[in-house]
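Everything below concerns the one structure shown next.
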Amino acid sequence: MAMPLRQSIKVATYLAEQKLRKRDKFPLIVELEPLFACNLACEGCGKIQHPAGVLKQRMPVAQAVGAVLESGAPMVSIAGGEPLMHPQIDEIVRQLVAKKKYVFLCTNAMLMRKKLDKFTPSPYFAFAVHIDGLRERHDESVAKEGVFDEAVEAMKEAKRRGFRVTTNSTFFNTDTAQNVIEVLNFLNDEMKVDEMMISPAYAYEKAPDQEHFLGVEQTRELFKKAFSGGNRRRWRLNHSPLFLDFLEGKADFPCTAWAIPNYSLFGWQRPCYLMSDGYVTTYRKLIEETDWDKYGRGKDPRCANCMAHCGYEPTAVLATMGSLKESLRAARETIGGNR
9 MAMPLRQSIK VATYLAEQKL RKRDKFPLIV ELEPLFACNL ACEGCGKIQH PAGVLKQRMP
69 VAQAVGAVLE SGAPMVSIAG GEPLMHPQID EIVRQLVAKK KYVFLCTNAM LMRKKLDKFT
129 PSPYFAFAVH IDGLRERHDE SVAKEGVFDE AVEAMKEAKR RGFRVTTNST FFNTDTAQNV
189 IEVLNFLNDE MKVDEMMISP AYAYEKAPDQ EHFLGVEQTR ELFKKAFSGG NRRRWRLNHS
249 PLFLDFLEGK ADFPCTAWAI PNYSLFGWQR PCYLMSDGYV TTYRKLIEET DWDKYGRGKD
309 PRCANCMAHC GYEPTAVLAT MGSLKESLRA ARETIGGNR
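To convert, count from 1 in the sequence shown and add 8; that's the numbering used here.
See below:
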């Protein structure tokens, strides 16, 4: 696992505290959406289809920071939309880092080089750059030429300035194992990013492209082939070993959407970052008033092909914590820096 040791210790301590308190539902990371506006229109995105009035809204700093603190989560992923379009995104990050929250700022990197001066390198902060493939594949996925090249230059400059740089790659049924291998080799070996996250795409109801989402067996076959030949152990993947087992069909888990709650301009979204069945005003209401048992593969048809990390990575992490063998495996791979 590529997670820094300091972060691993904090998360492990947090999980141990939840166990001591006998809490059966708690957040690992909050998905924070302080805006929905974006400067791209990706074919597989279901997050930006809102009325113009909503797209103009920006979440106040106090509201954004307050939601994360209310939940108690040790980590936050700031998404959107494009977070760098928020005029106070640097202040949101600064206040969360001051509270020692681990912050991942998701971005397509189109504005990244222009905004770098607003941020300060910190072990608690990382840019998470969206990269779905090499130049042709990525530019096709975001429906605009030149985005890949700009993202690469932005990552290089951020690394030069001492920032932690991670990536987030989403794969579709048009991808092959070779596509996966090529982009992860590039990010791992040439770009030398700190961590990489991967996920099969989720079939958003509002996404313009509804034809290219992976099914469960397609996902397993894709990652089984991509992980072969020692690739999985070599890549700096920011995932638990059990989640990677899950992706290639060596393990199966129920969904634990409550562990990665979503907070947006509308409030706390139920049940998860990917599906919107309504909103509540407090984190407590989200946890206590949502019927979590009705979601997941085999329960809700919208979940049938979902193997996204926001639903299943938490389950893998909790399974790891409940097994001495898996805990030792994860610790060994965290300290060793590879799989």
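Beta carbons: idealized from backbone N, C-alpha and C, even for Gly.
As the structure is a computational prediction, the values presented were derived from the model and not from experiment.
Range covered by the alpha helix (DSSP H) that runs through residue i
{"i": "alanine 47", "result": "Per the sequence presented here, residue 47 reads as asparagine, with alanine not at that position. Premise fails: asparagine 47 is in no alpha helix (DSSP H) and is neither H nor E."}
{"i": "proline 208", "result": "That residue, proline 208, is in no alpha helix (DSSP H); its beta strand (DSSP E) goes 203-208."}
{"i": "glutamate 161", "result": "155-168"}
{"i": "alanine 24", "result": "13-28"}
{"i": "tyrosine 281", "result": "Counting along the chain, tyrosine 281 falls outside any alpha helix (DSSP H), and DSSP gives it neither H nor E."}
{"i": "alanine 75", "result": "69-79"}
{"i": "alanine 106", "result": "97-106"}
{"i": "glutamine 57", "result": "Here glutamine 57 belongs to no alpha helix (DSSP H), and DSSP marks it neither H nor E."}
{"i": "serine 149", "result": "143-150"}
{"i": "phenylalanine 231", "result": "224-234"}
{"i": "glutamate 296", "result": "291-297"}
{"i": "arginine 121", "result": "120-123"}
Start-to-end residues for the beta strand (DSSP E) that takes in residue i
{"i": "cysteine 114", "result": "110-115"}
{"i": "valine 325", "result": "Taken as a continuous stretch (DSSP letters only), valine 325 belongs to no beta strand (DSSP E), being part of the alpha helix (DSSP H) at 317-329."}
{"i": "serine 284", "result": "284-288"}
{"i": "serine 85", "result": "83-86"}
{"i": "cysteine 40", "result": "Position check: residue 40 holds leucine in this sequence, whereas cysteine was assumed. Taken as a continuous stretch (DSSP letters only), the beta strand (DSSP E) holding leucine 40 covers 37-40."}
Strand pairing of residue i, partner residues [DSSP]
{"i": "glycine 275", "result": "Ser272"}
{"i": "asparagine 176", "result": "His138, Met205"}
{"i": "isoleucine 189", "result": "Partner(s): none; isoleucine 189 has no beta bridge."}
{"i": "leucine 245", "result": "Met204"}
{"i": "phenylalanine 133", "result": "Val111"}
C-alpha distance - residue i paired with residue j, whole-angstrom precision
{"i": "asparagine 176", "j": "leucine 28", "result": "33 Å"}
{"i": "leucine 92", "j": "glycine 275", "result": "20 Å"}
{"i": "phenylalanine 261", "j": "serine 236", "result": "22 Å"}
{"i": "glutamate 357", "j": "valine 160", "result": "Because the chain spans 9 through 347 in this model, residue 357 falls outside it and cannot be assessed."}
{"i": "valine 188", "j": "glycine 141", "result": "7 Å"}
{"i": "methionine 329", "j": "cysteine 263", "result": "16 Å"}
{"i": "valine 105", "j": "phenylalanine 133", "result": "7 Å"}
{"i": "aspartate 299", "j": "serine 335", "result": "30 Å"}
{"i": "tyrosine 291", "j": "glycine 257", "result": "33 Å"}
{"i": "isoleucine 139", "j": "arginine 305", "result": "27 Å"}
{"i": "arginine 310", "j": "lysine 167", "result": "39 Å"}
{"i": "serine 130", "j": "proline 279", "result": "32 Å"}
{"i": "methionine 163", "j": "valine 137", "result": "8 Å"}
{"i": "isoleucine 97", "j": "arginine 172", "result": "17 Å"}
{"i": "leucine 13", "j": "asparagine 239", "result": "22 Å"}
{"i": "leucine 195", "j": "leucine 77", "result": "33 Å"}
{"i": "cysteine 114", "j": "arginine 31", "result": "29 Å"}
{"i": "glycine 89", "j": "glutamate 41", "result": "7 Å"}
{"i": "valine 101", "j": "glutamate 321", "result": "24 Å"}
{"i": "serine 149", "j": "glutamate 51", "result": "6 Å"}
{"i": "valine 201", "j": "threonine 174", "result": "6 Å"}
{"i": "aspartate 301", "j": "alanine 209", "result": "23 Å"}
{"i": "serine 207", "j": "aspartate 125", "result": "30 Å"}
{"i": "alanine 117", "j": "methionine 199", "result": "15 Å"}
{"i": "asparagine 270", "j": "leucine 332", "result": "31 Å"}
{"i": "arginine 337", "j": "alanine 24", "result": "17 Å"}
{"i": "arginine 340", "j": "alanine 259", "result": "20 Å"}
{"i": "asparagine 193", "j": "tryptophan 243", "result": "8 Å"}
Any non-hydrogen atom of the ligand PLP within 7 Å of residue i CB
{"i": "isoleucine 268", "result": "The model depicted lacks the ligand PLP and carries no ligand whatsoever."}
(Q) Closer than 8 Å is the cut-off here; do at least three beta carbon pairs connect the region 180-187 with the region 154-170? (A) Between the region 180-187 and the region 154-170, the count of Cβ pairs shorter than 8 Å is below three; the stretches do not touch.
Q: Answer yes if the region 65-84 comes into contact with the region 107-119, meaning at least three C-beta pairs across the two stretches below 8 Å, and no otherwise.
A: Contact holds: three or more Cβ-Cβ distances are below 8 Å.
Q | Validate contact between the region 222-232 and the region 306-324 using beta carbons, cut 8 Å, 3 pairs | A | Yes: at least three Cβ pairs fall under 8 Å.
Q. Should the region 64-80 be called in touch with the region 39-48, which here means at least 3 C-beta pairs below 8 Å?
A. With the cut-off at 8 Å, the region 64-80 and the region 39-48 touch.
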